[in-house]
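Now the structure itself:
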């Protein structure tokens, strides 16, 4: 574990829970400042990302600057030296894991997670979604923590399978992890990728899915149902493990399950309003949170103040 615990914290579980709350708090603060953001995704994925970064992933120290450089220009143009955000996950040694972020609209949760675990500076969020910044609202390959452009939706699992196949040919021992959202299981390419992973026995692939039951048009079950998801994933040749996505111990146990010839797919069932009760009244319209009035915005400011005060008492 690279992230140091607070003197009051004796276990990795305590560290992970603190990181998760920090993710929510930072994204809520940004949502208030911007009058809109992908807040519910941070609420649902907070424990997933916290557990991955503080417990599961085998990553070396960040090789990226604490404050990301600006967008260098369009790839292929003369004089443009492109880069990816993968350096925030450390060196690409054969023993290290790769962490591929598939749903690019979760970028703000990734940024908050990188800050909470000391891989990026907090001041970075001042440049969020500004012209010329790599700290984009919809992450691209140059955004912190990202190394691939994963849209159209549902392409990252296929790319991760190719990476895992190449790593196996090289004799590398690190795993290739993919963070996904459940909406990607409405896409045919996801199922094709799972089929290829099973056929080629790419058990170096690990997948963790935020199953929060929502997508841009509302509830998953109303738009295009994907359940029983575990049965379907199993039928396509992977090892599906459903867990409570807000239980850090359950997430870690599932992610650390030996693959034994199959890709491990952790289905982390979550609540998109977890930790911020004010969001419950907005369900199912949670894909992007924008305030409807100054009064509503003030309610969230007051909630943020209470979250901050609670964190300071614990710290």
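Residue numbers (the working numbering): 18 to 332. All C-beta atoms, glycine included, are put in the ideal place defined by N, C-alpha and C. Since the structure is predicted, the reported quantities are computational estimates derived from the model, not experimental observations.
For residue i, the residue or residues it bridges with in DSSP
{"i": "residue 286", "result": "228 and 261"}
{"i": "residue 54", "result": "306"}
{"i": "residue 194", "result": "116 and 223"}
{"i": "residue 235", "result": "232"}
{"i": "residue 141", "result": "Beta-bridge pairing links residue 141 to no other residue."}
{"i": "residue 256", "result": "281"}
Proximity of residue i and residue j at Cβ, strictly below 8 Å
{"i": "residue 163", "j": "residue 171", "result": "no"}
{"i": "residue 42", "j": "residue 322", "result": "no"}
{"i": "residue 212", "j": "residue 278", "result": "no"}
{"i": "residue 284", "j": "residue 320", "result": "no"}
{"i": "residue 199", "j": "residue 137", "result": "no"}
{"i": "residue 256", "j": "residue 221", "result": "no"}
{"i": "residue 129", "j": "residue 31", "result": "no"}
{"i": "residue 97", "j": "residue 90", "result": "yes"}
{"i": "residue 314", "j": "residue 52", "result": "yes"}
{"i": "residue 232", "j": "residue 122", "result": "no"}
{"i": "residue 104", "j": "residue 79", "result": "yes"}
{"i": "residue 166", "j": "residue 86", "result": "no"}
{"i": "residue 160", "j": "residue 210", "result": "no"}
{"i": "residue 298", "j": "residue 223", "result": "no"}
Integer Cβ distance of residue i from residue j, believed to fall under 8 Å
{"i": "residue 182", "j": "residue 219", "result": "6 Å"}
{"i": "residue 120", "j": "residue 197", "result": "7 Å"}
{"i": "residue 108", "j": "residue 99", "result": "Not quite, the Cβ-Cβ distance comes to about 19 Å (not below 8 Å), so this is no contact."}
Contact test: residue i Cβ vs the ligand NAP heavy atom, cutoff 7 Å
{"i": "residue 214", "result": "Of ligands this structure carries none, so the ligand NAP is not represented either."}
Any 3 or more C-beta pairs closer than 8 Å across the region 55–70 and the region 253–268: With a cut-off of 8 Å, the region 253–268 and the region 55–70 count as touching, because enough Cβ pairs lie within range.
At least 3 beta-carbon pairs within less than 8 Å: the region 94–114 vs the region 72–84: The region 94–114, when compared against the region 72–84, does touch it at the 8 Å Cβ threshold.
Stretch pair the region 239–255 + the region 175–189: three plus CB contacts closer than 8 Å: Counting Cβ pairs under 8 Å, fewer than three are found: no touch.
The region 270–290 contacting the region 224–235, beta-carbon criterion three pairs below 8 Å: Verdict: yes, contact present.
Contact the region 172–179 vs the region 142–161: 3+ CB pairs below 8 Å: No, because fewer than three Cβ pairs between the region 172–179 and the region 142–161 fall closer than 8 Å, the two stretches do not touch.
Alpha helix (DSSP H) runs wholly inside the region 158–188, at least 4 long, in chain order: Counting only runs of 4 or more, we get 173–187.
Length at least 4, wholly inside the region 26–108: the alpha helix (DSSP H) runs in chain order: 29–51 and 56–68, all fully within the region 26–108.
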